[in-house]
Amino acid sequence: MSEILILHTGGTIGMTKTANGYQPDGNYFRGAIHHMDSLKAPGMPKWDFMEMDPLLDSSRMTVREWNRIGGIIAENYDNYDGFVILHGTDTMAYTASALSFMLKGLGKPVILTGSQIPLCETRSDGRDNLITSMIIAGAGKPREVCIYFGGMLLRGNRATKYSADGMQAFQSPNYPPLATAGISIIYNESAFLRRRSEHFEFKPLADDVPIGVIKVFPGLRFDLFDSIITDKLNGVVIETFGSGNIPDDQGVLLPMLERAEKNRTVVAVCSQCPQATVDMGTYEAGGGLKRAGAVCGRDMTTEAAVAKLYYLFSVYDDIESIKFNMERDIRGELTQGEEI
Ligand code: ASP
């Protein structure tokens, strides 16, 4: 019988209502899951339960908490066949992306899940999300960091929160689901991540890497970012239009990017279209980014690009290796294409 570890980090699934709105409630949740008969039913993996202190609304998660979650998985790696991480939906895709980079050579499933409605409420989606995640973690098939939510198992670093109200809160617009859970759980094994190293290693993130995200919009005044694009900024993700286009009729953008290049700030280009692949050579309007030394995020989500910048700045000292690896597929987070 397989054995899994459930780690409760916070989020709606374990919240109860207070006078100030929903808040994590460790006492309630601990009691509730230990009394759920379905978690002890035949066919379920054996499980142990741990919780982080403090439990957090995931909007409060930082690199420090990502390191603690990764550290708990690493310390318990040899004792369990899989891990279920209960987490708030707001930043679940960021945490999943960060874990995918930090847990190098992962050979067991790490499934993040949560719910839109707290477990304490009658219509909660937390019950199925928890039970199915446990079954998937126990079955041991995908050996990667995933999000299970609303009947779909997605690669963690390809997922993005799509809905704040619907039961299918996540999508993976540039990569197929790893499994769908209807009457049976149907795995899409050809989409699973190929394990690239037989040696599992936990690489914590440095918690002092300043990263920024800029979303472009018509009329954006790049000169307003002068005080942000300084040598204090290690990396910035620019969410461009479509396939990598950016407005530049003020003649400010390119000098700003050149200054970033001189300051050794990595500028990564992603798209604000959820379903897209950036190709900075398609339109003249995007060509300047390439000439100024920006790196192409291809079909990476912004969540994955941010987590990858944190990771690469934590493991490399030289900017060339960081830029080279930003454009390379290292954990299945982007589709490697032709040299562009
Ligand atoms: N604010 C909550 C959180 O991210 C939302 C959720 O869990 O759905 O912790």
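Residue 906 is where the sequence shown ends in the numbering used here, and the numbering goes up by one at each step. Where a beta carbon is used, it is the ideal one built from N, C-alpha and C, also for glycine. Being a predicted model, the structure only gives us computed values, none of them experimental.
If we call anything under 7 Å between Cβ atoms a contact, is residue i one with residue j?
i	j	result
R626	D773	no
A870	A834	no
I570	G692	no
F788	V832	no
I653	T726	Reading off the sequence, residue 653 comes out as His, not Ile. No. Outside cutoff.
G671	E767	yes
R830	I885	yes
V861	M892	yes
N811	P776	no
Is residue i near the ligand ASP, in the sense that its beta carbon is under 6 Å from a heavy atom of that ligand?
i	result
G680	yes
D774	no
T806	no
D591	no
T578	yes
S624	yes
G654	yes
Considering only the alpha carbon of each residue, which of the options lies closest to residue i?
i	options	result
T510	Y882, T867, K889	In the structure as shown, the chain starts at 567 and stops at 906, and residue 510 therefore has no counterpart that could be examined.
A826	G853, D792, T843	D792
F807	D694, L786, I794, D797	L786
K583	G673, Y660, C686, N633	C686
I507	F766, M846, I683	Residue 507 lies beyond the stretch modelled for the chain, which goes from 567 to 906, so this question has no answer here.
P608	I713, S568, G863, Y588	S568
K798	F715, S681, K828	K828
A735	Y876, R634, M658, Y588	M658
G716	D731, Y643, R724	D731
Give the DSSP-derived three-state secondary structure of residue i in the structure shown.
i	result
F675	The question names Phe, yet the displayed sequence has Pro at residue 675. If DSSP states are grouped into helix, strand and coil, P675 belongs with coil.
F649	strand
S763	coil
H600	helix
Y588	strand
D614	strand
Identify every run of the beta strand (DSSP E) within the segment 690 to 744, keeping only runs that are complete inside it and at least 3 residues long; order them along the chain.
-> If only complete runs of 3 or more residues are kept, the segment 690 to 744 shows the beta strand (DSSP E) at 711 to 715, 718 to 721, in order along the chain.
Alpha helix (DSSP H) runs contained entirely in the segment 785 to 818, provided each spans 4 or more residues = With a minimum length of 4 residues, no continuous alpha helix (DSSP H) run stays inside the segment 785 to 818.
In chain order, each beta strand (DSSP E) run of at least 3 residues that lies wholly inside the segment 807 to 879 = Complete beta strand (DSSP E) runs here, min 3: 832 to 837.
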